[in-house]
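Chains as they are written, first to last, in full-length UniProt numbering: chain A, 1 to 292; chain B, 1 to 292. Note that CB positions come from ideal geometry on N, CA and C, so glycine has one too. Have a look at the structure below, then the notes.
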DNA sequence: CGTCATTACGGAATGCGTAATGATA
DNA sequence: TATCATTACGCATTCCGTAATGACG
């Protein structure tokens, strides 16, 4: 088999049609150049250059081989590029899980930034509830998730990417809509409250239960999706607690009310495996907004 | 820059995911294999294999590079093939000159054999009178010609590829058509004879003049092409001498008559430059029929 | 303690450069 | 005689294989 040096030698001679000039171009002397070309000819099994002491010219076989040699060397030049880009996280694939809610305010800007700063990264989106994302992360089906606590922080690392207040959503003609002040837990006394699945939307379920712990509302529904909750509210089935960004969903016939008291923060976490090695992931993490 | 050996080493390890087995496959021991892979990684500028003492696996960069490496090695495998085929004359281009007459019986079979035995040879056809072919050969526009003497045998080599008798062509109702015996020179006495251009169809011109030297026919036309001659005969403008294969042109209204006496042979020569180096030409020459 | 990748070291092979050769105009 | 590719030869580098080291289960 021939070597890449031999290819370079041949191409140089073929282009210069002169061993001396070709050797100069390759920063070497003629004799080794001669030998390299001879070796290449032996390896290929065909005479590539017709040469005597007066002229050098390509044979037809040499003409044909020159094309291949150039193609090969060009490929050598660029072969490492992709690998380097992948290594630096500038190319590759990111399998990103997200909850329907996170898509409202967080996912869009993130995707926009990704496509601007890492245009060679393909993002494959998977809409899943948080437990589904955690499952996917652990199985290696996802590289990064956008979800809510809780999760096993031994194997999963995370970072808060957004924090927003919780608010109430009530039918437009509801008495709570007319109060014109932040609602307290007590305001919900006796209200029909729509809440979340304790397993599939545990985070919102617990936020709701915690906020309303002192009053004793009737909790009937066990819904997974924020949007479903709001649609049920619009249908007059009750009131609910949702993250403030839900206001932007544009559902008609409902009113959003602030809640009284501090600390009703809804956190969205970026979650990934601690042992993840994906360069794309590492790179994406460096550009994630961090909220403390 | 990396070497092809390094690529092979990397591909072997990437496929075996085990340095020991990969080394065995490459007929070498582990240590140099390790070093080759390390060198490759340094040359590429990215870690390609994630390895500790228990497992070996591809990084994402390595995954990307593996594709390139395979493509490159495949190209290396096949790079020499075309050159070898060209060298052996089994691929390439043959620029072939021919006279209209040679096409009748010789060109077709030749082209058929070429496409069967050398399917990767492209034949580019140039219909030219013999002087035009010789010009083309000398200028390097043609590789091989099918023409008639004379030509300069110092620079051009040749071989007779067919020999056929000369015959007379006369109008169907002509008195010579009714004789029913081979015609002699004397039979043409007083006939209107159509002959050939002394420069552009010198060979047939001289054949005609030589045969008819003793009689004294009236020679009026100066035609280049055999077909034109026959059409003129059909039109009643005279009689003419043509190669026997002209019978197969299928012109109506004419009769072909044998000529008396021996040696009225029409030779067709394959002609090429003595200094021609084209492997295709060499290969084609070996399969040309040779008539002595 | 066994497995497996890596580092250490000695010897062989490859490759370059200088010098000599040969062939051509 | 001048040019230019090739062969001859000495030296440096590269690369392999054996042996030793190190890390991990």
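- Closest in alpha carbon position to residue 265/A, among 222/A, 162/A, 276/A, 220/A, is 162/A.
- The residue from 284/B, 274/B, 286/B, 27/B with its alpha-carbon nearest to that of residue 153/B is 274/B.
- Inter-residue distance for residue 155/A and residue 11/A is about 54 Å (C-alpha atoms, whole angstroms).
- Under a criterion of Cβ atoms nearer than 8 Å, the residues of chain B adjacent to residue 87/A are, in order, 45, 46, 47, 59, 60, 61.
- Sixteen is the threshold: since fewer than 16 other Cβ atoms of the shown chains lie within 10 Å of the Cβ of residue 125/A, the residue is exposed.
- Contact between residue 196/B and residue 188/B fails: their C-beta atoms lie close to 15 Å from each other, not under 8 Å.
- Beta-bridge annotation (DSSP): residue 166/A is paired with 243/A.
- Taking 8 Å as the threshold, the shortest C-beta distance from residue 228/B to chain A does not fall below it.
- Looking from the CA of residue 149/A, the closest CA among 115/A, 219/A, 175/A, 201/A belongs to 201/A.
- Looking from the CA of residue 13/A, the closest CA among 44/A, 58/A, 43/A belongs to 58/A.
- In summary, residue 8/B is buried, with 16 or more beta-carbon neighbours lying within 10 Å of its beta-carbon over all protein chains present.
- For chain A, none of the residues of the segment 140-165 of chain B brings a beta carbon within less than 8 Å of one of its beta carbons.
- In this structure, the straight-line span from the alpha carbon of residue 67/A to that of residue 157/B is close to 32 Å.
- At a Cβ-Cβ threshold of 8 Å, residue 143/A and residue 61/B do not count as neighbours.
- The Cβ atoms of residue 242/B and residue 230/B lie closer than 8 Å to each other.
- By the Cβ rule, the segment 208-218 of chain B does not count as touching the segment 127-135 of chain B, because fewer than three pairs are nearer than 8 Å.
- The beta carbons of residue 121/A and residue 97/A sit no closer together than 8 Å.
- If you draw a straight line from the Cα of residue 46/B to the Cα of residue 39/A, it is about 32 Å long.
- Secondary structure within the segment 174-246 of chain B: the alpha helix (DSSP H) runs of 4 or more consecutive residues, fully enclosed, are 202-211, 226-234 (chain order).
- DSSP places residue 275/A in no beta strand (DSSP E); its state is neither H nor E.
- Proximity of chain B to residue 82/A at the Cβ level (cut-off 9 Å) is accounted for by 61, 64, 65, 67, 68, in chain order.
- In the structure shown, residue 54/B adopts coil according to DSSP, grouped into three states.
- Counting the other Cβ atoms within 10 Å of the Cβ of residue 183/A gives 16 or more, which makes it buried.
- For residue 271/A and residue 74/A, the gap between their C-alpha atoms comes out near 41 Å.
- One Cα belongs to residue 233/A, the other to residue 159/A, and the distance between them is close to 32 Å.
- Residue 169/B is not a Cβ neighbour of residue 223/B, given a cutoff of 8 Å.
- Beta-bridge analysis with DSSP links residue 159/A to 270/A.
- At a Cβ-Cβ threshold of 8 Å, residue 105/A and residue 248/A count as neighbours.
- Between residue 37/B and residue 49/B, the C-beta spacing is below 8 Å.
- It is roughly 37 Å from the alpha-carbon of residue 139/A to the alpha-carbon of residue 77/A.
- Between residue 279/A and chain B, the shortest Cβ-Cβ separation is below 8 Å.
- DSSP, reduced to helix, strand and coil, places residue 42/B within a helical segment of the structure shown.
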